[in-house]
Amino acid sequence: MSNVTTHKKVRATGRGVLLLIFSLGFLFPFIWMLLVSLRNRVDILDPGNIFAPLTLINYETLFAAGDIFPYFINSAIIAVVNTVFSLVVGTFAAYGFARYNWKKREDRAFFILSQRFLPAMAVVIPFFLMATFVHLLDTVWLLAICYTLFNVPFTVWMMRGFIEDIPFELEEAAFVDGCNRMQTLRQVVFPLVLPGMVATAIFCIINSWNEFVFANFLSVVHAKTVPTSVMMYLSVSGVKWGEMTATGVLAAIPVLVFAVSVQKHMIRGMTFGAVKG
Amino acid sequence: MRRIVAASAAACLVVSLAACSPGDQTPTSAGTPAANVDVSTLKGWGEAMKAQFDGTNITVAMASHPSTDAFKAMEAEFTELTGISITWDIVEETNLKNKQLLDAQGGGNYDVMMVDAFWMSEYASKKVLDPVATWVDSPERTPGWFDYEDIMPAYRNGIAGSNGTNYGIPTAGETRFIAYRTDLFEKYGKEPPKNMDEYLELAKFFNGKEDGLYGVSMRAQRGIHFASGWMSLMYNFGGGFLDQAALANNEVKLTVDTPETKQSLQFYVDLLRNAPPDVGSYTHEEALNAFMVGSTAMWLDATALANQITDPAKSKVADNVGFVSTPTGPKGDGAALAGWNLGISAKSSNKDAAWAFIAFMASKEKAVDYVKNGGVATRGSVFENSELAALNPSYPAQKVALESANGLVEKGLSWIPQYDQINQILDIAGTYGSDALAGNISVDDAVSKITKDAQDLIG
Amino acid sequence: MFSVKGFLQRNGHLKYVAPVMCLMMVLSIIPTIFLIVASFTNYQLGWDFSRAKFVGIDNYIRLFTGADTAFWHSVLISVAFMVVATAIELALGFWIATLLNNSESKLKPLAVGIMILPLAMTPSIAAQVWKLIFNSEYGLLNYILQNTFGFSVTWLGQDMAFWSILLVDLWQFTPFVALILYAGLRSMPAEPYEAAAIDGATSWQMFRFLTIPMLSKLIYLALLLRAVDALKLFDTAFVLTQGGPGNATEFLSLHVFRLANAQNGLVGRASAVAMVLLVIVMVVSRFLIKRQRRAAEVML
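Here the protein sequences come in this chain order: A, B and C. Residue numbers 63 to 339, in this note's numbering, belong to the letters of the first sequence in order. Residue numbers 40 to 498, in this note's numbering, belong to the letters of the second sequence in order. Residue numbers 92 to 391, in this note's numbering, belong to the letters of the third sequence in order.
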């Protein structure tokens, strides 16, 4: 074996080991959450007891009480409605920004993107008052609307990049063939930006699925989402670690399944249209 | 919208029930239950309520608290009896107050609110709750089996209202006391502390005495928690945040920079030098856990938490724990008096149904069930119940602690000063107090900064 | 004569852009106006609006004269956190992205999957789990340290709290940065590198003069998203320390929260701080967005 290949092998192994270490680091809080969710309360506060008996009691308690199901249903409705809406509206706007040129374009683009950066803490009280005024308080629709505040700008931003990367000639060709703008959009643009849309969708879903501040203040009882369930577990008589972590595990699963199943699109999409591929 | 639909549905039901029932049953929303029903038994009362409220839904805003769990355990019986269904909004304490205030401002979704004694004066000034006298004084609404007088006077008069008007029914009361490790105290031949000097001495003695052992654990997280922990000792030194005599004349006078208050802060900071090093991030939760896993020799906090310490499923020290009252200070006793109340939201559109909920849940009739389900005692009859006392080893010590809490009442003081901006003052106090604990500023600086900021707030 | 149709034809972008513009206006202008007005009053949570009084610029004076002793500290640590978190996440993220890109292991998809985990975990719950891990008495971290190295760290104490929050932020978002950059690396053409290799360029030179310029748009993007979110940081710090001990970790958004939440309910004062936060966020994001657009144009 030559020196060069040995050297290469060593380096490859080194990279593997480094990646392994990083992966374990990123993994370990999840593993710990999983472990805590599988333990009895007395053992949770004793990290040394690695061989503490595992139990499904926390999940059983969770399912028996059933309080958590509506939270999951609400979260799912909000995530889906908001994501679909943001993608449709956002992609249209992105097309406008990518394909038209007008004087105030960059100012408008900045205005939209800047919404993504509004600190939730700063706007949640006025939102509450507005929602009361229009009788939307404590509905999933209100949260679905609120989440457009960060998901639409994000979508516009991402999709603008993807659309700008599509050579305009392709669209021109379609025009020549007699397509109007809408047909071109549907038949030429959408198929090409689909991977980008998938990547965008994942982040929209993660953002709405995990959002806490709005959900907490703008829901009373009927629109509560999974992240706000934490409030139920922070009890005066101690944190209900078991149920909380069990909820955490259950909440992470759908996102993970979705993200991993579209991993290829996601990685491609994560170039944010910045690099032609 | 939903509310209107529900209300009209309920109205329809009432009308239809009235239509098919014989005689003169014509319930009105503000009126009394039908006169021919005997409400002196739970069953009779339940029928009267059902006639009036069957199908009504009420929303209750509650803290994550053992009492809430106990109420939930009694939900089925209540709904069965009265036909009133309950929607629960259960959240963590600080957040609960946010949601209640916002609701009072515009939502109007809540009917019953569970309210911390600390919030009473503020809520009174913001008109969040209705005074309870309207209902308590009505024999139809509040039959004999409720027995208002059975609630411990200290709680009835001390934690349920502001300036003489009561806005809530106390459902969880607490004073504070010390839990100590009998095994450690025996091993080193120590006696539990009787006064503050002994308390500090013992904390110093046990701190570091064994591997990973600290002297004491208390709540000291920045803000309200620190202030609340500090308050558990403050009055024993003769200190206080506000001059309560002046307050009675509507005059707001700060007493944070008096030598007594300063001394109490100095003591609290010195004491916590013998606590686990991250005590500055402890709420009651972490303080309790630190003691329950055996990291500290002593713990001073709410009596309401004691049943966890004695529960072997949760606590590693369950078999080796004793309880004593908060130590006497240079100015006598002044242990805490705090807790939770159930009150009726001023914005509620189902106030009578909401009261039915409170009347049932907080009644003497259901008090034993309530405590057995994990509720926290506020009634004399509960403390005297031998069956319950057997289940709660800390009851005798709690009773003694309550007597020591009377020390304040005797001095004419309210443990929580009845001033509508008291929570903001506590936050300021707990902020700079925490700075002093962290060693960023001296105790002297802390009290002068507290005074300055609080004065700016009061105006 | 004015015709709607003609106007729309001349402003073709409107029908695409207008819906989003309207939505964003409604959702942001009204709250912003509320915030500005409130910042000039002494309004408190739960008050009738009639009880509020205009106090002029008192709320701002309190901030800038140091009467609000926590304010400048909050600004300082917020900016410091933004700089440190963004820098480390970018550097570490880049390194991991390179490792991933160069690795030919069959386990690579698994590593990518693992990196999605911190993003998928609900932050409010994840932060609670971290709080449990950090606990100095019964936490996992100290247990490991104590048993392997014989010492323990007060993770959420005065000196370490800032760094502990940083650690959680790194855990949560380094993979996000790494994935973005990995995606960028993967889609880069091979020809420039081959050409450079023939010219005898060192790997550092290739990195400096090829990789970085080609990825600059993505680097700015990651920088933008991370910098602004780090500036707004709330959930993690709120769960872990609530701003303490002392005011060691009272970032600007936590300062807003401490003033505005029910414990204080000083909505007027909080609004003034929120306005300051808003201005800082807008300045930083505007700067970075401009740089990002420029980087994009250079590339095209």
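Backbone N, C-alpha and C fix where the C-beta goes; we use that ideal spot for every residue, glycine too.
Measuring only the C-alpha atoms, how far is Leu201 of chain C from Pro280 of chain C? 25 Å
In the DSSP assignment, the alpha helix (DSSP H) including Thr210 of chain B goes from what residue to what residue? Here Thr210 of chain B belongs to no alpha helix (DSSP H); instead the beta strand (DSSP E) covers Ile208 to Glu213.
Range covered by the alpha helix (DSSP H) that runs through Val203 of chain C: Lys199 to Ala211
According to DSSP, is Tyr295 of chain A helix, strand or coil? helix
Using CA atoms only, rank isn't needed, just tell me which of B:Leu141, B:Thr297 and B:Lys229 is closest to Thr194 of chain A. B:Leu141
Count the CB pairs spanning the segment 253-268 of chain B and the segment 319-330 of chain B that are closer than 8 Å, and state whether there are at least three. The answer is yes - the segment 319-330 of chain B touches the segment 253-268 of chain B, with three or more Cβ pairs under 8 Å.
Could you please give the first and the last residue of the uninterrupted beta strand (DSSP E) stretch that includes Leu381 of chain B? Ala377 to Ser384
Are at least three pairs of beta-carbons, each pair with one atom in the segment 207-225 of chain A and one in the segment 115-124 of chain C, less than 8 Å apart? yes
Taking buried to mean at least 16 other C-beta atoms within 10 Å of its own C-beta, is Met244 of chain A buried or exposed? exposed
For Leu256 of chain A, count the other beta carbons within 10 Å of its own beta carbon; 16 or more makes it buried, fewer makes it exposed. Which is it? exposed
Tell me whether Arg502 of chain B sits in a helix, a strand or coil according to DSSP, three-state version. Nothing can be reported for residue 502 of chain B: it is not among the residues displayed for chain B, which extend from 40 to 498.
Give the single residue among C:Val358, C:Leu343, C:Val370 and C:Val375 whose Cα lies nearest to the Cα of Phe162 of chain C. C:Leu343
What number of angstroms, rounded off, separates the C-alpha of Leu304 of chain B from the C-alpha of Phe245 of chain B? Near 22 Å, if we compare the C-alpha coordinates of Phe245 of chain B and Leu304 of chain B.
Taking only three categories from DSSP, how would you classify Val301 of chain A? Val301 of chain A: strand per DSSP, three-state reduction.
Rounded to the nearest angstrom, what separates Ser148 of chain A and Ser176 of chain A at their Cα positions? 16 Å
From B:Gly413, B:Glu404 and B:Leu427, residue whose alpha carbon lies closest to that of Thr107 of chain B: B:Gly413
Cross-strand partners of Ile97 of chain B (DSSP beta bridge): Answer is B:Ile125.
Please tell me whether Ser227 of chain C has its Cβ less than 9 Å away from any Cβ of chain B. yes
So, for Ala386 of chain C: in the same chain, excluding its five sequence neighbours on each side, which residues have a beta-carbon less than 6 Å away from its beta-carbon? Ser307, Lys308 and Tyr311
Among B:Asn289, B:Ile455 and B:Ser473, the one whose alpha carbon lies nearest that of Thr214 of chain B: B:Ile455
I need the DSSP call for Asp63 of chain B, collapsed to helix, strand or coil. With a pLDDT of 36 at Asp63 of chain B, under the threshold of 50, the predicted position of this residue should be treated as unreliable, though the coordinate-derived value follows. Three-state DSSP puts Asp63 of chain B in coil, outside helix and strand.
Taking C-beta pairs closer than 8 Å, name the residues in chain A that Asp326 of chain C reaches, listed in chain order. Phe274 and Val275
Name the chain B residues whose beta carbon is nearer than 7 Å to that of Thr194 of chain A? In chain order: Gly145 and Gly146.
Please confirm whether Pro122 of chain C has its beta-carbon closer than 9 Å to some beta-carbon of chain B. It does not; no Cβ of chain B falls within 9 Å.
Taking the C-alpha atoms as reference points, what is the distance between Ser99 of chain A and Thr307 of chain A? 5 Å
Kindly list the residues whose CB is nearer than 8 Å to the CB of Ser334 of chain B, restricted to its own chain and excluding five residues on each side of it in sequence; keep chain order. Gly251, Leu252, Tyr253, Ser256 and Pro315
By how many angstroms is the C-alpha of Leu316 of chain C removed from the C-alpha of Thr246 of chain A? 32 Å
Less than 9 Å between CB atoms is the rule here; does Asn278 of chain A satisfy it with respect to chain B? Residue contact check for Asn278 of chain A against chain B: a CB pair falls below 9 Å.
For chain C, is any of its Cβ atoms less than 9 Å away from the one on Tyr162 of chain A? yes
Would Gly335 of chain C and Arg261 of chain B qualify as a contact pair, given that the criterion is a beta-carbon distance under 9 Å? In contact: Gly335 of chain C and Arg261 of chain B (Cβ atoms closer than 9 Å).
Under 9 Å between C-beta atoms, does Glu285 of chain C make it to chain A? no
Could you list which residues in chain A have their beta carbon closer than 7 Å to that of His264 of chain B, in chain order? Near His264 of chain B there are no residues of chain A at all, since even the closest Cβ is about 12 Å away, more than 7 Å.
My output table needs one value for Ser196 of chain C: the three-state DSSP class, helix, strand or coil. coil
Reduced DSSP category for Tyr234 of chain C - H, G, I as helix; E, B as strand; rest coil: helix
Closer than 9 Å, CB to CB, is Met259 of chain A near chain C or not? At a cut-off of 9 Å between beta carbons, Met259 of chain A makes no contact with chain C.
Helix, strand or coil at Leu100 of chain A according to DSSP, with G and I counted as helix: coil
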